[in-house]
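Residue numbers (the working numbering), protein chains in the order written: chain A, 1 to 326; chain B, 1 to 330. Cβ coordinates follow ideal geometry from the N, Cα and C atoms, glycine included. Written below as structure tokens is the structure these notes are about.
Below you can see the structure in the form of structure tokens.
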């Protein structure tokens, strides 16, 4: 068996997307730590590469539905940093004029149609986006991201069955980060793997090491190609690890220290760096990518800080198409 | 005599017209396609043959997936219609309706919207019991971002359905099982009744009955009965329950000085409470009697016909409430 390969430009693309996610996450945590930001934030530390490699397999106009822990997905999909930072800060320059926040980032220009704060609710909606593409024949696919914790709610099962029944062009990307809120995988699910559930719906299912850039990209690409060809949906179970707590600042003493240490060895960031070096990217080139990203993060943080607060009139706007009376 | 149309035919025609005009109008629901007989109440009869199974999609029994798929298709620019067979089953999909359909426009800062119609049917008086009969309009009227509509006659059903499909926001469209066979003069093709506009179903000068859906028929019957006693009752058919036509309601009650809000739904915490409260805020001092409410009893809808008839607001109770308002001495 030959070693799986990947195009060099694609690898650079995945690295850049991964580091954009990682540097943004670090920036958010630093702003929160220093009190410059005081908002709810679900850190994506440990899951950067999963979404970077997955989104690198999509086109910009493909649809994405994600969840409250979704900044990695949104950034990897291409949501511009300035309005993203401003939205998380609740400013009028945000993607949603400060009315959505980190849990509801929406940016149709980059295909980010819904970010939901309700576990599992994105899957049925993804089916509808995919249904529209199927009827139109526009060739778009829809990806929906969710965690292992979302696979025990009814919406998951209803959506999986309907997607396969109608062969919808949708990719169900389960980022198995081993925790549903504070509950470890083995304490919420009896089967060993989420992907075994694909069988129950007659659906294609693949389990992949989400921290292996090449495997993650190739697995997603195959599912995207399948969906685009009209061959129906795929459930991908991407193994990863939520390296910090449920949300920023939350206690995570329930995560066993020895397991955390073991998983730290699987940290996708040094692993990807090594892969890049193995593919003859130079330290200098990689450092330059990160330095450029850090400058973008600083600029985005400044944009957010300088963006005005939304005024109370925003409460009456966007309830309906027509503004409601005061 | 002019041609007549039933409410079933009227709703079918409205959907048919909208589907003919716009490829993005699709219908999803249990049993809605021709293969399944065109729906339990035959509202979608004939549509599969015209528009195909990709636009008239019979679904599994999965209300969350049905409404969710419609939300997603609406986000992509379609105008989906979800048929949820009975209103109690809508509760299975509440997350998609309340957390998503209603809020995505707001939470996205107006970048996306959900032009979705959820058609559902219900009604007390057919012995379907506690889980197939509820009128839950107040649940949805309470949620910012949803419009709630219910027709009382066939012509309005056609016109309101066209308006609901054209609306760029989600609409809960409630049909009453007992009204499907009602006939109106055929309003002809292209008939539209704008959302948010009430109808004065009967003009009067002494007391306003504000109601919607099936109970409009009861109110009209009582108005006729009371006319024989010299009491002139005005009947307002809201047609759109939320947001309701406050201008028409306020003007009517300002004229009559007396108001009764009537609905089939349970009285407690119902839409009658909201309307009565707003009338008090607007017209306190001008009212000749307290605004009263009549609604269903505070229990599950019973199955036995004798109990069901005791549960539902009786025509005698409506007449008595109007008489009490007329005789109010303060």
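- Close to residue 318 (chain A), with beta-carbon spacing below 7 Å, are these residues of chain B in chain order: 105, 106, 109, 110.
- Judged by DSSP secondary structure, residue 64 (chain A) falls within the beta strand (DSSP E) whose first and last residues are 63-67.
- For residue 264 (chain A), the enclosing alpha helix (DSSP H) covers residues 257-264.
- The beta carbon of residue 164 (chain B) does not come within 8 Å of any beta carbon belonging to chain A, so the residue lies off that interface.
- Every beta strand (DSSP E) of 3 residues or more that sits fully in the stretch 136-220 of chain B is shown, in chain order, as 147-149, 171-176, 183-185, 199-202, 207-211.
- Rounded to whole angstroms, residue 132 (chain A) and residue 25 (chain B) show a C-alpha spacing of 10 Å.
- When 7 Å is used as the limit between beta carbons, residue 79 (chain A) is near no residue of chain B, the shortest such separation being about 12 Å.
- By the neighbour-count definition (other C-beta atoms within 10 Å, threshold 16), residue 68 (chain A) is a buried residue.
- With contacts defined as CB atoms closer than 8 Å, residue 46 (chain A) and residue 177 (chain A) qualify as a contacting pair.
- For residue 166 (chain A), there are no CB contacts under 6 Å within the same chain when 5 residues up- and downstream are skipped.
- Looking at the DSSP output, residue 6 (chain B) sits in a beta bridge with B:183.
- Nearest C-alpha to residue 317 (chain B) among B:215, B:12, B:56, B:139: B:215.
- In the three-state reduction of the DSSP assignment, residue 226 (chain A) falls in the helix class.
- Contact residues of the stretch 34-61 of chain B toward chain A are 54, 55, 57, 59, 60 (C-beta to C-beta distance below 8 Å).
- Restricted to the stretch 157-224 of chain A, the alpha helix (DSSP H) segments that are unbroken, complete and at least 4 residues in length are 185-188, 196-199, listed in chain order.
- Annotated as proximal: residue 145 (chain B) and residue 105 (chain B), with beta-carbon spacing under 8 Å.
- Residue 86 (chain A) sits away from residue 299 (chain A), with the two beta carbons spaced by 8 Å or more.
- Rounded to whole angstroms, the Cβ separation of residue 178 (chain B) and residue 123 (chain B) is 5 Å, and the two are in contact under 8 Å.
- Taken in chain order, the complete alpha helix (DSSP H) segments of 4 residues or longer contained in the stretch 58-123 of chain B are 63-75, 87-90, 104-107.
- Using a CB distance cut-off of 8 Å, residue 145 (chain B) counts as an interface residue toward chain A.
- Going by DSSP, residue 128 (chain A) is part of the alpha helix (DSSP H) stretching over 122-136.
- Each of B:213, B:97, B:282 was checked against the Cα of residue 265 (chain B), and the nearest Cα belongs to B:213.
- Taken in chain order, the whole alpha helix (DSSP H) runs of length 4 or more contained in the stretch 12-44 of chain A number zero.
- Taken through DSSP and simplified to helix, strand or coil, residue 271 (chain A) comes out as helix.
- At the C-beta level, residue 124 (chain A) and residue 141 (chain A) stay beyond 8 Å of one another.
- Rounded to whole angstroms, the separation of the alpha carbons of residue 27 (chain A) and residue 93 (chain A) is 18 Å.
- The alpha-carbon separation between residue 78 (chain A) and residue 57 (chain B) amounts to approximately 34 Å.
- Straight across, the Cα-Cα distance linking residue 112 (chain B) with residue 68 (chain B) is about 15 Å.
- Membership of residue 250 (chain A) in any alpha helix (DSSP H) is not indicated, and neither H nor E is assigned to it by DSSP.
- Rounded to whole angstroms, the gap between the alpha carbons of residue 118 (chain A) and residue 97 (chain B) is 12 Å.
- Nearest CB-CB separation between residue 326 (chain A) and chain B: not below the 8 Å threshold.
- Counting along the chain, residue 239 (chain B) sits inside no alpha helix (DSSP H), nor does DSSP assign it H or E at all.
- Shown here, residue 293 (chain B) sits in a strand according to DSSP, grouped into three states.
- DSSP places residue 85 (chain A) in the helix class (H, G or I) of the three-state scheme.
- DSSP, read as helix, strand or coil, puts residue 146 (chain A) in strand.
- Of the residues A:252, A:136, A:145, the one whose Cα lies closest to the Cα of residue 179 (chain A) is A:252.
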